[in-house]
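FYI, full-length UniProt numbering numbers position 138 of the sequence shown as 138, with every residue one higher than the one before it. To keep things clear, I will list the structure first and then write my remarks on it.
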Amino acid sequence: MSREIKRNPQQPHYDAIQATSRAQQLRHAPRRQRRLSPDSELFQVVVEMLRIGWSPQQIARRLRSIWPGQSERHVSHETIYLAIYAYPRGELKRQLISYLRQADGKRPKRTQSNVRRERYPAHLSIHLRPPEVADRLVPGHWESDLIMGANNRSAVATMVERTSRYVILAKLEAPTAEAAAEAIVREMSRMAPSLLKTMTHDQGSEMARHAEITARTGMKIYFADPHSPWQRGSNENTNGLLRQYLPKGTDLSLVTQARLDEIADLLNTRPRQTLGWKFPVEVLVDHLQLSATNKLETIN
């Protein structure tokens, strides 16, 4: 009752007839259309971004980059969440909810591999890396790891460039050191030589042939301290993102290199907060163009 009187402050007394008339007018007045109504073009754009694995926060920030100065095309990540959960019941709503990523930042503990852990005779400690690696200012320094498939019988090598967070995925024919070396060399050799400076891996025996990788690619291999995943934070984060596409327990031997390339493309064209909401591929290209410009200036 008190709220009703506050909505209709008539002096000196509350007028029920006027209050009823005002309520009817408000009920029939045209309501402003929601910016993310299901029939809007913007809603379809948001749905497509969700479909390829972007989070609402990434979408909200990227919309500002795509349409700068067009506030009518900008929405907050809260608005995106509300639009999804306010959508009428049905298959599309279930799909929209399934697109929302669970990002708790924790990576499942990797089970013990069938491959025995061992020391390296020519060990290169992470503490011996050039200082530029830690600064993330010079491209060409990578972090690497393996993600294991069902029963540790299959594996995929993951390589992440530290400056841009650019991802490369390589299918292994078997979870062995020989297969790991062959896959890493195969995929990394496709990159420009200027991007093949160093690679940092954990102390797994899958890198027992690190000297071969160095000889064939020119990259120096360094090893993180035991039980120190934070020393390869970019790679650990990427492995967590990969589980959206390759859930734990997947038989990775059935996943083709073409499919891995598709997944890498999705990750490399996903805006990252740490990159100012740019794509990893955009940052990498910017570095390559800057490097080429500097070389021309040096020659001239």
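Virtual Cβ for every residue (Gly too), placed ideally from N, Cα, C.
Check each candidate in the options and name the one with the smallest Cα separation from residue i.
i      : options                           : result
Ala155 : Ser164, Trp54, Thr163 and Asp145  : Asp145
Glu173 : Ile126, Arg35 and Glu206          : Glu206
Ala192 : Gly249, Gln289 and His201         : Gln289
Ala150 : Asp251, Pro68, Ala177 and His141  : Asp251
Leu254 : Arg61, Ala211 and Lys171          : Lys171
Val185 : Thr198, Thr217, Arg209 and Asp202 : Thr217
Ala215 : Asp225, Asp202 and Thr198         : Thr198
Gly140 : Lys93, Met219 and Ser228          : Met219
Ser189 : Ile213, Glu178 and Ala86          : Ile213
Asp135 : Arg153, Leu128 and Arg162         : Arg162
Glu178 : Ser194, Asn152, Ala211 and Thr200 : Ala211
Ala208 : Ile97, Leu124 and Gly69           : Leu124
His227 : Met148, His201, Leu275 and Glu132 : His201
Glu187 : Asp261, Gln273 and Asp39          : Asp261
Gln273 : Pro68, Ser55 and Gly69            : Ser55
Leu128 : Pro229, Gln257, Tyr222 and Arg64  : Tyr222
Ser40  : Val75, Ser194 and Leu275          : Val75
Ser194 : Leu63, Gly69 and Ser291           : Ser291
Which term fits residue i, buried or exposed, when burial requires 16 or more other beta carbons within 10 angstroms of its beta carbon?
i      : result
Val285 : exposed
Pro88  : exposed
Val283 : buried
Pro271 : buried
Ala83  : buried
Gln102 : Below a pLDDT of 50, predicted positions are generally treated as unreliable, and Gln102, at 46, falls in that range; the measurement from the model is reported next regardless. Gln102 comes out exposed.
Thr293 : exposed
Glu91  : exposed
Tyr85  : exposed
Arg153 : exposed
Ile97  : exposed
Pro247 : exposed
Glu48  : exposed
Leu242 : buried
Gly249 : exposed
Gly204 : buried
Kindly list the residues whose CB is nearer than 8 Å to the CB of residue i, restricted to its own chain and excluding five residues on each side of it in sequence; keep chain order.
i      : result
Leu266 : Ile52, Gly53 and Tyr245
Glu72  : Arg35
Lys109 : With a pLDDT of only 46 at Lys109, under 50, the local geometry of the prediction cannot be trusted, and the value read off the model is given with reservation. There are no such residues.
Pull up the DSSP beta-bridge partners for residue i, would you.
i      : result
Asp145 : Thr158
Lys220 : Thr198
Lys93  : According to DSSP, which records beta bridges pairwise, Lys93 is partnered with nothing at all.
Ser125 : Phe223
Arg272 : Lys278
Val167 : Val160
Keeping to the same chain, check which residues put their C-beta closer than 6 Å to that of residue i; ignore five residues upstream and five downstream.
i      : result
Ser164 : Pro280, Val283 and Leu284
Val160 : Glu143, Val167, Ser234, Asn235 and Thr238
Pro130 : none
Lys93  : Tyr87
Val138 : Glu132
His287 : Pro139
Arg64  : His74
Leu275 : Val283
Pro229 : Glu236
Thr256 : none
When the distance is taken between beta carbons, is residue j closer than 7 Å to residue i?
i      : j      : result
Ala157 : Ala181 : no
Leu196 : Ala264 : no
Leu50  : Tyr99  : yes
Ile59  : Val46  : yes
Gln95  : His77  : no
Determine, using beta carbons only, whether residue i comes closer than 7 Å to chain D.
i      : result
Arg270 : In summary, chain D is missing from the structure at hand, where a single protein chain is found.
Under 7 Å Cβ to Cβ from residue i, same chain only, skipping five residues before and after it: list those, please.
i           : result
Ser37       : Phe43
Asn268      : Tyr166, Val167, Phe279, Pro280 and Val281
Arg107      : Because Arg107 carries a pLDDT of 36, less than 50, the predicted location of this residue cannot be relied on, and the following value inherits that uncertainty. Same-chain partners within the cutoff: Glu236, Asn239 and Gly240.
residue 325 : Residue 325 is absent from the model: the chain starts at 1 and stops at 300.
Arg61       : Pro271 and Trp277
Pro259      : Sequence check: residue 259 is Arg here, not Pro. Same-chain partners within the cutoff: there are none.
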